[in-house]
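Numbering (this note's numbering), first residue to last: 497 to 829. Ideal Cβ placement from N, Cα and C applies to all residues, glycine included. None of these values were measured; they are calculated from a predicted model. Shown next, in structure tokens, is the structure this report addresses.
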Amino acid sequence: MLYPPTALILAPISGYTDIPYRNGAIRHGCAFAFTEMIDDASLVFGNKKTLRFLERADNEKWLGAQIVGSDTDTLSKAARIISNYNFDALDFNLGCPAPKVVKKGEGSALSADYDRALKAFEALRKNSDMPVSAKIRILDDKSPEPTLKLAKGLEGAGACAITVHGRLAKQFYSGPVNHDIICEIRKNLKIQVVANGGINSRQKYMEMVSLAGSGPVMLATGAMGNPWIFEEIEYAEKFTPPAPRQVADEMEKHILETCEYYGTEIGLRISRKFIFDYMKGRGYPALLKNQVIHIKAIADLKSFICEIRKGPSDGYFKWLEKNPGAPRKIRHP
Ligand SMILES: Cc1cc2nc3c(=O)[nH]c(=O)nc-3n(C[C@H](O)[C@H](O)[C@H](O)COP(=O)(O)O)c2cc1C
């Protein structure tokens, strides 16, 4: 088995799951993670930015790499390159709906072409020294058959595990998740099936387990600005949401590490989205959100963090009393 039976896995997230991001998740109990998707051609070409995706920190106990592509020759070469690096698994992206990927016939577009998808997967598997898994989306939300056929085909082609994102490609990353199809695939495959989609709280995790069956789960957007979700799921009622001081400290650590990793200017620029993520759903005033654009130096970041430490707007805790099931909460200081 690739994962322990109830593993919580940090999903591959383009533009997010680099070393500083994964380190934040590790601080809160995440033990399994993936790089963001790596374009096979960029890797074969030796693109410097792409090669950085292959870096792994010493504290990462389990790390998978994810590859996207469709050409068997390029995928074979990419798999051989990745085999020289230290990863626990190689995952094949068969679910990405982003136009720049779909227009090349890769990701979710490739998954719609059964024969080509299997050939591409086989090229990867044959040339990889590590276990190879696949990440797919449901292909039809009315019938499990097309998704089941693809999942079974991948199992037959030697996949060691399959992650199923229970949304259609046209849904992108939000909206209802089809638990029944994930459940059906779990029932029909011998390899591990990782359930993915919509897990942004312990409640949603329990819903996934009860409707799709128990097994490993993967989460992406639920962990954005909310690495505490790993503790929330693990510790159940013993978990207490972070206080504003803890949100501020976590945000600061993440951004300073990002700046150290990429250099201050680039680090601060790419951290804007992380700042919004940490503030999201935690009752911070819109006025404070407007200031994010003005963070241009570490001193600006430090004064912004002081504002985060002060906590949410008046009214947030009253709102929370009325909405106890809200995800990504903040605790009264
Ligand atoms: C910004 C963003 C980037 C993503 N990048 C990738 C990626 O590189 N590879 C991949 O397989 N999925 C990617 N995904 C999809 C997620 O891994 C995950 O399957 C999806 O968000 C559903 O899980 P969730 O409901 O927990 O967010 C991305 C999602 C988002 C929102």
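Practice problem: Let me know if H828 comes out buried or exposed under the rule of 16 or more other beta-carbons within 10 Å of its beta-carbon. | Solution: exposed
Quiz item: Thinking C-beta only, is I563 closer than 8 Å to D536?
Solution: yes
Quiz item: Hey, quick one: how far does the alpha helix (DSSP H) through S629 stretch, first residue to last?
Solution: Premise fails: S629 lies in the beta strand (DSSP E), V628 to R633, not in any alpha helix (DSSP H).
Exercise. Identify, in the order they occur along the chain, each residue of the same chain with its Cβ nearer than 6 Å to the Cβ of L614, setting aside the five sequence neighbours on each side.
Key: G649 and A653
Self-check item: Beta-carbon contacts of S572 that lie in its chain and below 8 Å, excluding the five residues immediately before and after
Solution: A619, L620, K622 and N623
Quiz item: Excluding the five sequence neighbours on either side, which residues of its own chain have a C-beta within less than 6 Å of the C-beta of D676, listed in chain order?
Solution: none
Quiz item: Nearest to W724 by alpha carbon, out of G779, M497, T659 and L504?
Solution: L504
Quiz prompt | A605 - containing alpha helix (DSSP H), residue span | solution = S604 to S607
Quiz item: What's the call for L783, buried or exposed, on a 16-neighbour Cβ count within 10 Å?
Solution: exposed
Quiz item: Quick one: Cα of P740 to Cα of Q699, how far?
Solution: 23 Å
Self-check item: Burial state of T570, where buried means 16 or more other Cβ atoms lie within 10 Å
Solution: buried
Quiz item: Is N674 near ligand 1, going by C-beta to nearest heavy atom under 7 Å?
Solution: no
Quiz item: Helix, strand or coil for E532 per DSSP?
Solution: strand
Exercise. In angstroms with no decimal places, state the Cα-to-Cα distance between E532 and S604.
Key: 16 Å
Quiz prompt | Coarse secondary structure for Q787, derived from DSSP in three states | solution = coil
Quiz item: How many angstroms separate the CA atom of G709 from the CA atom of H661?
Solution: 14 Å
Exercise. Determine the closest residue to C755 out of D745, S767, E746 and A744, with distance taken between C-alpha atoms.
Key: S767
Self-check item: Delimiting residues of the beta strand (DSSP E) encompassing L590
Solution: A585 to L590
Quiz item: Which runs of the alpha helix (DSSP H) spanning at least 4 residues fall entirely within the segment 745-801, listed in chain order?
Solution: 760-775 and 782-786
Self-check item: For N519, the three-state DSSP class (helix, strand or coil)
Solution: helix
Self-check item: Rounded Cβ spacing between I681 and A647 (contact assumed at less than 8 Å)
Solution: 5 Å
Quiz item: Within this structure, are the beta carbons of L547 and A561 separated by less than 8 Å?
Solution: no
Quiz item: So, using beta-carbon positions, are R778 and P808 closer together than 8 Å?
Solution: yes
Quiz item: Between the beta-carbon of G711 and the beta-carbon of I695, is there less than 8 Å?
Solution: no
Quiz prompt | Best match in A574, H750 and F726 for proximity to L539 [C-alpha to C-alpha] | solution = A574
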